[in-house]
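Undergrad: Input: one structure, supplied below.
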Amino acid sequence: MFALLRRIGERLRPRPEPLDDARWQAAVAACALLQPLNPDQAARLRGLSARFLAEKTFFALGGAELDDQRRLLIAAQACLPVLELDYDLLRGWRQVLVYPGEFRMRREHHDEETGVVTEGEDSLIGEAWEGGPLVLSWADIEQDLAQPHEGFNVIIHEIAHKLDMRDGGSDGVPPLPPSLPRREWKQVFQQAYDAFCAAVDADEETLIDPYAAESPDEFFACLTEAWFSNPALVAKAMPAVAGLLQRLFRPSAATTGN
Ligand SMILES: [Zn+2]
Numbered sequence: 001m002f003a004l005l006r007r008i009g010e011r012l013r014p015r016p017e018p019l020d021d022a023r024w025q026a027a028v029a030a031c032a033l034l035q036p037l038n039p040d041q042a043a044r045l046r047g048l049s050a051r052f053l054a055e056k057t058f059f060a061l062g063g064a065e066l067d068d069q070r071r072l073l074i075a076a077q078a079c080l081p082v083l084e085l086d087y088d089l090l091r092g093w094r095q096v097l098v099y100p101g102e103f104r105m106r107r108e109h110h111d112e113e114t115g116v117v118t119e120g121e122d123s124l125i126g127e128a129w130e131g132g133p134l135v136l137s138w139a140d141i142e143q144d145l146a147q148p149h150e151g152f153n154v155i156i157h158e159i160a161h162k163l164d165m166r167d168g169g170s171d172g173v174p175p176l177p178p179s180l181p182r183r184e185w186k187q188v189f190q191q192a193y194d195a196f197c198a199a200v201d202a203d204e205e206t207l208i209d210p211y212a213a214e215s216p217d218e219f220f221a222c223l224t225e226a227w228f229s230n231p232a233l234v235a236k237a238m239p240a241v242a243g244l245l246q247r248l249f250r251p252s253a254a255t256t257g258n
């Protein structure tokens, strides 16, 4: 029964259109993170990107301009973190919303201790909800393309949240392969997080964006974007965390290329 349902589901899934060479090469030329991939990795990422484009629906909001090339640049970077994992980790949501720049979003904040709920509007460059859309600012994507090794990548940051939420809840622990024990992950990340928060509280200069001290899930998202953008920076700042990120995402050429 389940097998049958799965087969029906597969038939309903849109068939990816193959990406033509010129279009793919233009994306590689524009995105430095794609350039160190070996031919096998590049071919697989190209296939995953085509699948992402077929399965997700893109919306340009607030006057954003989206064309095929921009959609592909988003798809390729979104698929990079799952290149050595499982594409199914990107399932469970359909929409990619793109704003021209920062966007404002209504937020509710529940204070766990007092139970008080405050509402406000935040200015954001990216957002991801469980089962909901991926929301991105094109201006920030463009900045990441122009400065690919600064440790920032808004697309990969939001995809890290998506992976984190895949096993229920945003706790900074994504679904892990059997070779990566959950207990080890939690221990290493907790220790690094505590030390990082102490450094930020003490106003110390940090190699990693201080925003990572916001919460364990932001810590994971910031470290993941930094890892893909500049793995040497993460290895220098937090060698134990870098070791785990390397074991999770595996040493794809993209993460060892600089
Ligand atoms: Zn975040």
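So the sequence shown is numbered by the UniProt record's numbering: it starts at 1 and just counts up by one.
Even glycine gets a Cβ: it sits at the ideal position worked out from N, Cα and C.
Given a cut-off of 8 angstroms on the beta-carbon distance, is the pair F58 and I156 in contact?
TA: For F58 and I156, no; Cβs fall outside 8 angstroms.
Undergrad: Considering only residues of the same chain and omitting the five flanking positions on each side of L166, which have a CB-CB separation below 6 angstroms?
TA: The identity of residue 166 in the sequence shown is Arg, whereas the question assumes Leu. Around R166: L89, P175.
Undergrad: I'd like to check one pair, L83 with Q25: are the Cβ atoms closer than 8 angstroms?
TA: No, they are not a contact pair.
Undergrad: Using three-state DSSP, classify Q41 as helix, strand or coil.
TA: Helix at Q41.
Undergrad: R247: which of L180, N38, T114 sits nearest, CA to CA?
TA: Nearest C-alpha to R247: L180.
Undergrad: What do you reckon, is the C-beta of H161 under 7 angstroms from a heavy atom of ligand 1?
TA: Correct: H161 has its Cβ closer than 7 angstroms to ligand 1.
Undergrad: With DSSP run on the structure shown, which of helix, strand or coil describes L85?
TA: Residue state, collapsed to three classes: coil.
Undergrad: Using a Cβ-Cβ cutoff of less than 8 angstroms, which residues in the same chain neighbour M1 once the five nearest sequence positions on both sides are dropped?
TA: With a pLDDT of 47 at M1, under the threshold of 50, the modelled position of this residue cannot be trusted; read the value that follows with caution. Nothing listed; no residue qualifies.
Undergrad: Between which two residues does the beta strand (DSSP E) containing E184 stretch?
TA: Unbroken run through E184 is the alpha helix (DSSP H), 182-201; no beta strand (DSSP E).
Undergrad: Go ahead and label G131 buried or exposed: buried means 16 or more other beta carbons lie within 10 angstroms of its beta carbon, across all protein chains shown.
TA: G131 should be labelled exposed.
Undergrad: Determine the DSSP secondary structure at M105, reduced to helix, strand or coil.
TA: The answer is strand: DSSP assigns M105 an E or B state.
Undergrad: Per DSSP, H110 forms a beta bridge with which residues?
TA: Looking at the DSSP assignment, H110 forms a beta bridge with V117.
Undergrad: According to DSSP, is L134 helix, strand or coil?
TA: L134: strand per DSSP, three-state reduction.
Undergrad: For H109, verify whether its CB is less than 7 angstroms away from any heavy atom of ligand 1.
TA: No, since every heavy atom of ligand 1 falls outside the 7 angstroms radius drawn around the Cβ of H109.
Undergrad: Does the distance from the C-beta atom of F249 to that of P81 stay below 8 angstroms?
TA: Contact flag set, yes.
Undergrad: For ligand 1, any of its heavy atoms closer than 7 angstroms to the Cβ of E102?
TA: Not under cutoff, so the answer is no.
Undergrad: What is the C-beta distance between A76 and L45, in whole angstroms, given that I count them as a contact (C-beta under 8 angstroms)?
TA: Contact holds; Cβ gap of about 6 angstroms.
Undergrad: Which of the three DSSP states is assigned to F152 in this structure?
TA: It is coil, neither helix nor strand.
Undergrad: For Q77, name the three-state secondary structure that DSSP assigns.
TA: If DSSP states are grouped into helix, strand and coil, Q77 belongs with the helices.
Undergrad: For V200, which residues from the same chain have a beta carbon less than 6 angstroms from its beta carbon, with the 5 sequence-adjacent residues on both sides left out?
TA: Excluding residues within five positions, the ones whose Cβ falls inside 6 angstroms are P210, A213.
Undergrad: Cβ of G63 less than 8 angstroms from any chain C Cβ?
TA: Among the chains of the structure shown, chain C does not appear; only one protein chain is present.
Undergrad: Below 8 angstroms, how does it come out for the region 217-227 and the region 188-200: are there three or more Cβ pairs, yes or no?
TA: A contact exists between the region 217-227 and the region 188-200.
Undergrad: So, do the region 181-188 and the region 137-147 have three or more beta carbon pairs nearer to each other than 8 angstroms?
TA: At 8 angstroms Cβ cutoff, the stretches do not touch.
Undergrad: Say yes only if the C-beta of E218 is nearer than 7 angstroms to one or more non-hydrogen atoms of ligand 1, and no if none qualify.
TA: Yes, Cβ of E218 sits closer than 7 angstroms to a heavy atom of ligand 1.
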